[in-house]
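Numbers in this note's numbering are just positions in the sequence shown, counted from 1, shifted up by 134. Structure record follows, encoded as structure tokens.
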Amino acid sequence: VSVDETALDRLAGDLPADDHDDGVLREAGATAVRRRLRPDRAEARRLLRAGQRRAVARGVTTVHDLVRRSAAPRAYRDMARAGDLDLRVQLYYWRDHLDAVEEVGLATNAGGQVQFGGIKTFVDGSVGARSARLSAPYDDAPDERGEWVVAPDALDALAARLDALDVRLSAHAVGDEAVDAVLDAYGSRASERWRVEHAVLASDAAVERMADADVVACVQPNFHRWAGAGGLYERRLGDRRTETTRLRTLLDAGVDVAFGSDGMPMDPLVGVDHAVNAPTEAQRLDVTEALRAYTLGGARAGLAEDEVGTLAVGKRADLVVLAESPWGRPGSIAEIGVAGTLVGGEVVHAAASAPLARNA
């Protein structure tokens, strides 16, 4: 987050003791800004309605929202009660909400359109900020290997507590050392498809461990935008850029792979395009594999494959109608329009040119 001098002065008491002379706030500093700018419940509903319109217009039927000190959970439920919620929502609360989750028994909440999915934690940061935890230094910062947001011993304690509560854990891990720490903490506990978010630099050994432990790799093919020659990952990682977000490696090892966007942008067709046209040819998927990761893969990540994710008798009619076949234009899938989106058989988006009627 970039801020000016006035904002820095107003935030001074909320910021960690880092050098902020450049006005760029990272990690804890950025969180402090977001906390001060948190919308109230009414504003959250307005923002969610706007985001929902964009989501269904690009074929999204379900979102897994990772929330922290947010008005979003109440706003989602307000919208559902008012009949304004077009999406299915699965909520993952940050680890600092765990006491409240345990107290109110959210693990047993089946909740209709808005469901509780589990607990989210960060283990490390990002490649761009050089805060992803690596086993070897960054190419452009030989003394840096990233940082722990949650140290391995604290992560292990969190996993043990969640296992006792029968609550799933979703852990953000980008660097190879962070992914290893997550898998160490999961151990044999990940009995109900616990999740690793991103797994950008997962090693071969980590990939095999994920497959053996039935851990879901929730990855973002749009991260490949940074993996090309001369891009951000090459500056930070050098030749290791070709070892990032290894979609083919994960699938071929038998790992459960679920695609998401991380909000950059929230558009499955952009992600499918990146997966099919990844800069490292050996990691590319075909169109069918990429679509499956966004449909059945996402359903499995949410333990919802008996209800959604494939077209089958008895499942919910969550459907997307594309304006063109992605198999017919694999080089430009991101440009394909969405003719219509249905959730539970209800038309929640219809393009002006499409023969679909939006349900009143």
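All residues carry an ideal CB built from backbone N, CA and C; glycine is no exception.
Item, Value
"So, helix, strand or coil for Leu299, using DSSP?", "helix"
"Rounded to whole angstroms, what's the CA-CA distance from Gly262 to Gly448? Just pull it up for me.", "44 Å"
"By the DSSP assignment, the beta strand (DSSP E) with Glu480 in it spans what residues?", "Glu480 to Ala484"
"Could you tell me the alpha carbon to alpha carbon distance between Arg202 and Glu469, rounded to whole angstroms?", "33 Å"
"Taking the alpha carbon of Ser466 as the point to measure from, which residue in Val284, Gly405, Ala433 and Gly478 has its own alpha carbon closest?", "Gly405"
"Let me make sure I understand the geometry here. Which of Phe256, Tyr428 and Arg211 has the alpha-carbon closest to that of Val410?", "Tyr428"
"When the distance is taken between beta carbons, is Val235 closer than 8 Å to Val316?", "no"
"According to DSSP, is Thr196 part of a helix, a strand, or is it coil?", "strand"
"So, under 8 Å CB-CB, Ala305 and Val330 are touching, yes? Tell me the CB distance rounded to an integer number of Å.", "6 Å"
"Do the CB positions of Val442 and Leu221 come within less than 8 Å of each other?", "no"
"Going by CA-CA distance only, name the one from Leu425, Arg450, Ser260 and Ala333 that's closest to Leu456.", "Leu425"
"Do you know offhand how far Asp338's Cα is from Pro271's?", "19 Å"
"Which whole-angstrom value describes the C-beta separation of Gly251 and Tyr210, a residue pair presumed to lie in contact below a C-beta threshold of 8 Å?", "That pair is no contact at about 13 Å."
"Could you pull the start and end residues of the alpha helix (DSSP H) that Val406 belongs to?", "Pro402 to Val410"
"Between Ala288 and Thr475, what straight-line distance do the alpha-carbon atoms span, to the nearest angstrom?", "42 Å"
"Please classify Gly252: does DSSP put it in a helix, a strand, or coil?", "strand"
"Look up Glu441 in the DSSP assignment and say whether it is helix, strand or coil.", "coil"
"Return helix, strand or coil for Ala333, following the three-state DSSP convention.", "coil"
"Using the Cα positions of Thr378 and Ala216, report the straight-line distance between them to the nearest angstrom.", "43 Å"
"Determine the DSSP secondary structure at Val454, reduced to helix, strand or coil.", "strand"
"How would you label Ser269, buried or exposed, when you count the other beta carbons within 10 angstroms and need 16 or more for buried?", "exposed"
"Given Glu439, which residues of its chain have a CB within under 8 Å of its CB, disregarding the five upstream and five downstream residues?", "Leu430 and Ala433"
"If you follow the alpha helix (DSSP H) that Ala427 is part of, which residue opens it and which one closes it?", "Val421 to Tyr428"
"Here's the rule I'm using: 16 or more other beta-carbon atoms within 10 Å means buried, otherwise exposed. How should Trp360 be labelled?", "buried"
"To the nearest angstrom, how far is it from the Cα of Arg450 to the Cα of Asp230?", "34 Å"
"On the three-state DSSP scale, how would you describe Asp174?", "coil"
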